[in-house]
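Participant: Just so you know, we're using our numbering here: the sequence shown kicks off at 46 and counts up by one.
Glycine included, each C-beta is placed from N, C-alpha and C at the ideal position.
For reference, the structure I am asking about is given below.
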Amino acid sequence: MSIKSDQWIRRMAEQEGMIEPFVAGQVREHEGVGRVISYGTSSYGYDIRCADEFKIFTNINSAVVDPKNFDDNSFVNVKSDVCIIPPNSFALARTVEYFRIPRDVLTICLGKSTYARCGIIVNVTPLEPEWEGHVTLEFSNTTPLPAKIYANEGVAQVLFLGADEVCETSYRDRGGKYQGQTGVTLPKA
């Protein structure tokens, strides 16, 4: 496997629709807003943005978190430019970008250091060959204080790993349960 460069990412996004919408280069400022947490193409990856749709975990119903039988009443839905995550809690969101991963590529996603240095962990599972959709993001607030997430700004970096040969069975071939997801997608058993 080899990591893919900014030129490969740009070519695949522009010619194959791998990332939509696609931003060539790094955006660090918005007109009228000023500084933003950077997003777009980096040297060997792509910094993804968080959309303005959030599901904030709440325990007002005293639910048990069960990945086989998930109760969506455990979340409060919020549509906003910012999301405040309660102390020692988490929220789900989705990327602005829609991805179409090539059959010979696997991605790994890592949270941006700006959030990590504030005790906010961004978790994303690998995007498998031929997976497509909006990426569901999980933000864990590990601090004893409320934490703020900014919509339409960078939250994590996707690294693209190219295989030496094409996989035998892709995510699409398996009929993966999260194929083609849009919006914030909750766990499916």
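Here's the rule: buried if 16 or more other CB atoms are within 10 angstroms of the residue's CB, otherwise exposed. What is VAL211?
Facilitator: That one is exposed.
Participant: Using CA atoms only, rank isn't needed, just tell me which of ASP149, PHE67 and SER158 is closest to ASN168.
Facilitator: ASN168 has its Cα closest to that of SER158, out of ASP149, PHE67 and SER158.
Participant: In chain order, what residues of the same chain lie with their CB nearer than 6 Å to the CB of ARG71, ignoring the 5 residues before and after it?
Facilitator: Per the sequence presented here, residue 71 reads as Gln, with Arg not at that position. Excluding positions up to five away in sequence, the list reads SER83 and GLY85.
Participant: Would you list the residues sitting across from SER185 in a DSSP beta bridge?
Facilitator: Per DSSP, PHE135 and ILE166.
Participant: Between which two residues does the alpha helix (DSSP H) containing TYR84 stretch?
Facilitator: Run containing TYR84: none in the alpha helix (DSSP H); it sits in the beta strand (DSSP E), 79 to 87.
Participant: Can you give the Cα-Cα distance for ALA136 and PHE67, rounded to whole angstroms?
Facilitator: The straight-line gap from Cα to Cα measures roughly 25 Å.
Participant: Tell me whether GLU210 sits in a helix, a strand or coil according to DSSP, three-state version.
Facilitator: Note: GLU210 maps to coil in three-state DSSP.
Participant: Per the DSSP calculation, GLY199 is bridged to which residue(s)?
Facilitator: Answer by DSSP bridge pairing, in chain order: ARG94.
Participant: Between the region 93 to 113 and the region 191 to 207, do at least 3 Cβ pairs fall closer than 8 Å?
Facilitator: Counting Cβ pairs under 8 Å, three or more are found: they touch.
Participant: Quick check on the burial criterion: 16 or more other C-beta atoms within 10 angstroms. Buried or exposed for LEU190?
Facilitator: Classification for LEU190: exposed.
Participant: From this set, PRO132, ARG148, VAL121 and PHE115, which residue's C-alpha is nearest PHE205's C-alpha?
Facilitator: Residue ARG148 is the option with its Cα nearest to PHE205.
Participant: Express the C-alpha separation of LEU151 and MET46 in angstroms, rounding to a whole number.
Facilitator: Distance between the alpha carbons of MET46 and LEU151 is about 9 Å.
Participant: With a threshold of 8 Å, are at least 3 pairs of Cβ atoms found where one atom belongs to the region 110 to 125 and the other to the region 163 to 179?
Facilitator: The region 110 to 125 vs the region 163 to 179: no contact.
Participant: With H, G and I counted as helix, E and B as strand and the rest as coil, what does DSSP make of GLU175?
Facilitator: Three-state result, GLU175: coil.
Participant: Quick one: using the 10 Å Cβ neighbour count with 16 as the cut-off for buried, is THR188 buried or exposed?
Facilitator: It is exposed - the Cβ of THR188 has fewer than 16 other Cβ atoms within 10 Å.
Participant: Do you know whose CA, among TRP176, ALA208, PRO171 and ASN186, lies nearest GLN202's CA?
Facilitator: Residue PRO171 is the option with its Cα nearest to GLN202.
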